[in-house]
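Each residue of the sequence shown is one higher than the one before, starting from 1 at the first, in the UniProt record's numbering. For reference, the structure is listed below as structure tokens.
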Amino acid sequence: MLMPIKEGARQYTLGFSNSYLLRGIVRALSAEGFIPAALDRAD
């Protein structure tokens with residue numbers, strides 16, 4: 001889901017905190033080394 005960075009802004013961020021599909025994709029990419037450990041916020 002696209003969300004504006006602030007009210008009325010024309011720049012957007014991609015939010016998928018409630019999407020099980022995208023979370024699974026990110027988890028799989030991380031497990032295969034496509035996402036650097038520095039970006040893993042599960043510390």
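Don't be surprised by glycine CBs; every beta carbon is placed ideally from N, CA and C.
Within the same chain, Leu2, Met3, Pro4 and Ile5 come within 8 Å of Tyr12 by CB-CB distance, once the 5 residues on both sides are set aside.
Between the alpha carbons of Ala31 and Leu22 lies a gap of roughly 14 Å. For Leu22, the enclosing alpha helix (DSSP H) stretches over residues Tyr20 to Ala31.
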